[in-house]
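Visitor:
In full-length UniProt numbering, the protein residues as written are 1 to 259.
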């Protein structure tokens, strides 16, 4: 469903530690967001962390989804690892299965799938990758929602495949004039100021459009807002975004629960 402006979801990436290594304040983030994208072991996460994260989200009433990526623990899933489209289908299917198993074990089944990092970025700009991820979701469990980058290839292709789709924008990332995410290699790609991010999100949600670096507004459905959890200001940005949205009359609600 296209967001009417009355309610919107806020999502964040969680469970992104590995073994003894921790990343981000998941407990604090889960007190703010309405949906949580849980790492499935390829860019971060392991069975212990996944089970604990799904349980914590359940306790806090936060919806959960699988967050598959390239097999890139060293680069945190932010490097493009060469694969055939068939290999991408299977690595995504594998990770969805892991998330389904651990979330069921924790008593809080996943409701959606959102590709992470470099894989997620490619679903926006590369038709073949977008088709591969979409086919994996449909093959494993077509009842799962695809949470996709607004205006990207997967946004269109998953709808054409008959899957439920929800479109997201990023609170803390800049956009090019084409509506793509600005490369993290470029200055200004990541927004660290909480107030700036919050003001920008309110504008985008109210206008139903992505705001580019030049201030151009590109019309799109907006069902969810992502705040990355691995930046130093993550909790402050998430809290400010939620507060400013609520102050502007927008209710925060998991898209998987939206009527």
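Heads up, the beta-carbon is just placed ideally off N, CA and C, and yes, glycines get one too.
Let's see if you can read the secondary structure: which residues bound the alpha helix (DSSP H) around residue 128?
Guide: 127-140
Visitor: Tell me whether residue 214 is buried or exposed, calling it buried when 16 or more other Cβ atoms sit within 10 Å of its Cβ.
Guide: exposed
Visitor: State the DSSP-derived secondary structure class of residue 173, mapped to helix, strand or coil.
Guide: DSSP, reduced to helix, strand and coil, places residue 173 within a strand of the structure shown.
Visitor: Based on Cα-Cα distance, which residue from 37, 188 and 156 lies nearest to residue 116?
Guide: Ranking the options by Cα distance to residue 116, first place goes to 37.
Visitor: Could you please give me the residues that DSSP links to residue 231 through a beta bridge?
Guide: Its beta-bridge partners do not exist; DSSP assigns none.
Visitor: Run through the segment 63-115 for me and flag every whole beta strand (DSSP E) of 3 or more residues, listed as ranges in chain order.
Guide: Listed in chain order, the complete beta strand (DSSP E) runs (minimum 3 residues) inside the segment 63-115 are 63-67.
Visitor: Checking 7 Å against the spacing of the C-beta atoms, do residue 40 and residue 99 come in under that value?
Guide: Cβ atoms of residue 40 and residue 99: closer than 7 Å.
Visitor: Tell me, which residues are paired with residue 184 by DSSP?
Guide: Paired residue(s): none; residue 184 is not in a bridge.
Visitor: Expressed to the nearest angstrom, what Euclidean distance is found between the alpha-carbon atoms of residue 236 and residue 10?
Guide: Straight through space, the alpha carbons of residue 10 and residue 236 are spaced by roughly 14 Å.
Visitor: Compute the Euclidean distance between the alpha carbons of residue 26 and residue 181, then round it to the nearest angstrom.
Guide: 24 Å
Visitor: Any idea if residue 183 is buried or exposed, counting beta-carbon neighbours within 10 angstroms, 16 or more meaning buried?
Guide: exposed
Visitor: Please classify residue 114: is it buried, with 16 or more other beta-carbons within 10 angstroms of its beta-carbon, or exposed?
Guide: It is buried - the Cβ of residue 114 has at least 16 other Cβ atoms within 10 Å.
Visitor: Expressed to the nearest angstrom, what Euclidean distance is found between the alpha-carbon atoms of residue 120 and residue 249?
Guide: For the pair residue 120 and residue 249, the Cα-to-Cα distance works out to about 30 Å.
Visitor: Just grab the DSSP bridge partners of residue 237 for me.
Guide: Checking the DSSP bridge columns, you'll see residue 237 has no partner listed.
Visitor: Check the DSSP bridge columns for residue 37 and list the partner residues they point to.
Guide: 13 and 65
Visitor: Just to confirm, are residue 85 and residue 132 a CB contact at a threshold of 7 Å?
Guide: yes
Visitor: Let me check understanding here. Comparing Cα to Cα, which of 125, 145 and 225 lies closest to residue 96?
Guide: Distance from the Cα of residue 96 is smallest, within the candidate group 125, 145 and 225, for 145.
Visitor: Provide the residue span of the alpha helix (DSSP H) that contains residue 44, from first to last.
Guide: It is not in any alpha helix (DSSP H) - residue 44 carries neither H nor E in the DSSP assignment.
Visitor: Taking the straight line between their C-alpha atoms, what separation do you get for residue 61 and residue 106?
Guide: Residue 61 and residue 106: Cα-Cα distance of roughly 13 Å.
Visitor: For residue 233, tell me which candidate among 59, 190 and 168 has the shortest Cα-Cα distance.
Guide: 190
Visitor: Would you tell me roughly how many angstroms separate the C-alpha atoms of residue 230 and residue 17, rounded to the nearest one?
Guide: 10 Å
Visitor: Classify residue 143: buried if its beta carbon has 16 or more other beta carbons within 10 angstroms, exposed otherwise.
Guide: exposed
Visitor: Would DSSP call residue 163 helix, strand or coil?
Guide: Note: residue 163 maps to coil in three-state DSSP.
Visitor: Quick check: residue 210 and residue 169, are their CB atoms within less than 7 Å of each other?
Guide: yes
Visitor: Indicate whether residue 244 and residue 194 have their beta-carbon atoms separated by less than 7 Å.
Guide: no
Visitor: Going straight from the alpha carbon of residue 112 to that of residue 20, what length do you get?
Guide: 27 Å
Visitor: Is residue 6 buried or exposed, if buried means 16 or more other CB atoms sit within 10 Å of its CB?
Guide: exposed
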